[in-house]
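Engineer: Offset between the sequence shown (1-based) and our numbering: plus 2. Glycine residues also receive a C-beta, built at the ideal position from the N, C-alpha and C atoms.
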Amino acid sequence: MTPQLRLQFENRLDLLDQEISKLTQQLRLVQEMKYTNEEKIISIGKEAFLEMEKTKIQFLLDRACLWF
């Protein structure tokens, strides 16, 4: 792997790591919210969780590419 390609992958991993942190923070905020509408909390939580899972999968795929 060329140094430039490796740098691109590392930058992408950093961005994905930041995205995971942001989504984790959103999940924490959802848990702390005091909504009376329980369905809204569930909906927001599910969306944030699914986005976090997609981001984690992409992170792992990008990380695996560093080895090839």
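On the three-state DSSP scale, how would you describe Thr4?
Structural biologist: In the structure shown, Thr4 sits in coil (DSSP, three-state: anything other than H, G, I, E or B).
Engineer: State the Cα-Cα distance for the pair Asp64 and Ile43, rounded to the nearest angstrom.
Structural biologist: Rounded to the nearest angstrom, the two C-alpha atoms are 31 Å apart.
Engineer: With a threshold of 7 Å on Cβ separation, who are the neighbours of Glu55 within its own chain once the five nearest residues in sequence on each side are excluded?
Structural biologist: none
Engineer: Going by C-alpha to C-alpha distance, which of Glu21, Gln27 and Ser45 sits closest to Ile59?
Structural biologist: Glu21
Engineer: Grouping DSSP H, G and I as helix and E and B as strand, with all else coil, what is Leu2?
Structural biologist: The structure shown has nothing for residue 2, since the chain only spans 3 to 70.
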